[in-house]
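Letter by letter, the sequence shown follows residues 1 to 217 of full-length UniProt numbering. In what follows, a structure is listed as structure tokens, so that the remarks can point back to it.
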Amino acid sequence: MSRHEHESSDAEAAEMFEPSSWEERYSGERKVWSGKPNPQLVAEASVLTPGTALDVGCGEGGDVIWLAQHGWKVTGADFSANGLARAARHAEEAGVADRTDWWQVDARTFDADGRSYDLVTTHFLHPPDGGMVEVTRRLAQAVAPGGHLLVVGHAPSGVFTHLSASHRNAMFLAEELLPALPDDFDVLVAEQRPRAMLREGATVDVHDATLLARRRP
Numbered sequence: 001m002s003r004h005e006h007e008s009s010d011a012e013a014a015e016m017f018e019p020s021s022w023e024e025r026y027s028g029e030r031k032v033w034s035g036k037p038n039p040q041l042v043a044e045a046s047v048l049t050p051g052t053a054l055d056v057g058c059g060e061g062g063d064v065i066w067l068a069q070h071g072w073k074v075t076g077a078d079f080s081a082n083g084l085a086r087a088a089r090h091a092e093e094a095g096v097a098d099r100t101d102w103w104q105v106d107a108r109t110f111d112a113d114g115r116s117y118d119l120v121t122t123h124f125l126h127p128p129d130g131g132m133v134e135v136t137r138r139l140a141q142a143v144a145p146g147g148h149l150l151v152v153g154h155a156p157s158g159v160f161t162h163l164s165a166s167h168r169n170a171m172f173l174a175e176e177l178l179p180a181l182p183d184d185f186d187v188l189v190a191e192q193r194p195r196a197m198l199r200e201g202a203t204v205d206v207h208d209a210t211l212l213a214r215r216r217p
């Protein structure tokens, strides 16, 4: 590969982290995701008392809908207007539109601006260049006293060798996010949890980097 081709490949990979790429991805009629809630959300939120929740990087709204169906009042946030439109439509179809609202915002520049939630969660949001530490720092500011922060992402794995270097470098371990937590947070979970994932008709084993922390009352 020539230097020019390498630079072009890196640029194309970087573009996948930007809103325009996701606007295009969500522009068609075909569903991008399964609509099922992420398993770590179900595992952790099922034992919490429902209150207000913020799901950042909500995509088509699968996690938002699950939370709303289980008694939460949920704000779904994403930087894609098309994704949010899909999510709102899916919430309407699921009968939980009255328990959901939507916020177009880029997680990398997210500012709580005085808003707070009993649960702030994000799943498989992977900003480039180690950016998840800064995103976690921003999200922590939106957690109400006594509330929880749940951050889940892909842990580095040989399973993902088909992805670009930019995508692989955006993956993280839960422990790498700990410096982002303010002093008034207690870490409840910081581990890589195994999960079976279906890819191209075959089951592969991956690990979800899972951070759960609680803000002291």
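Note that the Cβ used here is the ideal one computed from N, Cα and C, for glycine as well.
Within 8 Å, strictly: CB atoms of residue 57 and residue 123: yes
What's the C-alpha gap between residue 155 and residue 176? 11 Å
For residue 208, collect the residues of the same chain with a Cβ closer than 6 Å to its Cβ; drop the 5 residues on either side in sequence, then sort them by chain order. 40, 152, 193, 195
Taking contact to mean 3 or more Cβ pairs, one atom from each stretch, closer than 8 Å, check whether the stretch 108 to 119 and the stretch 83 to 90 are in contact. no
When the Cα atoms are used, what is the spatial distance from residue 134 to residue 143? 15 Å
Against chain C, does residue 63 count as a neighbour if the rule is that its beta carbon must be under 8 Å from one of theirs? The structure shown has no chain C; it contains just one protein chain.
Touch check for the stretch 46 to 54 and the stretch 70 to 84: three-plus C-beta pairs under 8 Å? yes
Using the DSSP secondary-structure output, state which residues sit across from residue 185 in a beta bridge. 215
Judging by CA-CA distance, which residue of 100, 114, 157, 136 is the nearest neighbour of residue 67? 100
To the nearest angstrom, how far is it from the Cα of residue 50 to the Cα of residue 146? 13 Å
For residue 48 and residue 65, what's the separation of their Cα atoms in angstroms? 16 Å
Cβ-heavy atom distance between residue 71 and the ligand SAH below 7 Å? By its list of ligands, the structure shown contains no ligand whatsoever, and the ligand SAH lies outside what it can speak to.
Residue 84 - DSSP class collapsed to helix/strand/coil: helix
Smallest Cα separation from residue 97: which of 199, 80, 69, 157? 69
On the three-state DSSP scale, how would you describe residue 66? helix
Cβ-based neighbour list, residue 3, same chain, cut-off 8 Å, excluding 5 preceding and 5 following: Its pLDDT being 33, under 50, residue 3 is placed unreliably by the model, and nothing is read from it.
Work out the CA separation of residue 159 and residue 117 for me, nearest whole Å. 35 Å
Label residue 184 either buried or exposed according to how many other C-beta atoms from any shown protein chain fall within 10 Å of its C-beta, with 16 as the threshold for buried. exposed
Pick out the complete alpha helix (DSSP H) segments inside the stretch 134 to 158, 4 residues or longer, and give them in chain order. none
List the residues that DSSP assigns as beta-bridge partners of residue 54. 75, 120
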